[in-house]
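J.:
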Amino acid sequence: MFENIVCAVDGSDHALKAAEVASALASKFGSRLTLLTVTKEIKVTPEIRRYLELEHLTGEPQYVLDDMTKRILEAATRAARDAGVSSVKTEVRTGPPARTIVDFARRNGADAIVLGSRGLGDLEGALLGSVSHKVANLAAMTVIAVK
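Residue 441, in the numbering used here, is where the sequence shown stops; the numbers in between run on with no holes.
1. What number of angstroms, rounded off, separates the C-alpha of Asp307 from the C-alpha of Leu327?
2. Please report how far the alpha carbon of Tyr345 lies from the alpha carbon of Lys364, in whole angstroms.
3. Any idea what DSSP makes of Lys311, helix, strand or coil?
4. According to the Cβ coordinates, are Ala442 and Ala439 closer than 9 Å?
5. Using CA atoms only, rank isn't needed, just tell me which of Thr339, Arg343, Lys334, Ile299 is closest to Lys322.
6. Can you confirm whether the stretch 426–437 touches the stretch 392–407 when touching is taken to mean that 3 or more C-beta pairs between the two stretches lie within less than 8 Å?
7. Taking the alpha-carbon positions, what's the Arg387 to Ala374 distance?
8. Can you list, in chain order, the residues of its chain whose CB lies under 7 Å from that of Thr333, leaving out five sequence neighbours each side?
9. Which residues mark the beginning and the end of the beta strand (DSSP E) in which Thr333 is found?
10. Tell me whether Leu348 is buried or exposed, calling it buried when 16 or more other Cβ atoms sit within 10 Å of its Cβ.
11. With a cut-off of 8 Å on the beta carbons, I'd call Leu310 and Ile395 a contact; round off their distance for me.
12. Looking at the structure shown, is Val382 part of a helix, part of a strand, or coil, going by DSSP?
13. Residues in its own chain within less than 6 Å of Thr384 by CB, not counting five upstream and five downstream?
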């Protein structure tokens with residue numbers, strides 16, 4: 295039924311549960327599973343750049359996000375391995391979450407997107423702009439929102 299599943303994770307409890315659901319589906323159907331996290335780009339002001347130079351810190355301040363991203367993907371990968379999923383990839387993208395998730399899934403031939411939901415109703419989700427609500431409206435493939 296599902297050959298290629300993309301599961302969006304953000305470190306929340308709902309996202310970890312979504313990883314467990316996506317992993318169970320991938321295990322049951324022998325699907326490829328991609329665990330995707332979308333980060334925001336950090337804009338570095340001249341003051342922050344100068345501080346980094348003075349402290350001899352090389353690279354971008356993205357390292358803080360990179361560490362969180364690594365932990366998020368490690369937890370989701372453990373859930374997949376525990377469920378017996380043999381084909382797991384991890385991906386990190388930067389951009390607006392909903393559009394980035396849908397674009398990634400489309401470009402990679404996914405037939406399902408699994409992601410966590412905060413549990414907002416349709417009206418609240420539309421007004422507050424929940425990612426799961428936006429993904430469900432933008433995606434042409436199956437979307438499973440996990441509470």
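Where is the CB? At the ideal position from N, CA and C, for every residue including glycine.
T.: By the coordinates alone:
1. 19 Å
2. 25 Å
3. helix
4. Shown here, the chain extends from 295 to 441; a query on residue 442 therefore has no answer.
5. Ile299
6. yes
7. 20 Å
8. Leu359, Thr363, Val386, Thr388
9. 326–333
10. exposed
11. So it is not a contact: roughly 17 Å between Cβ atoms.
12. strand
13. Leu329, Leu367
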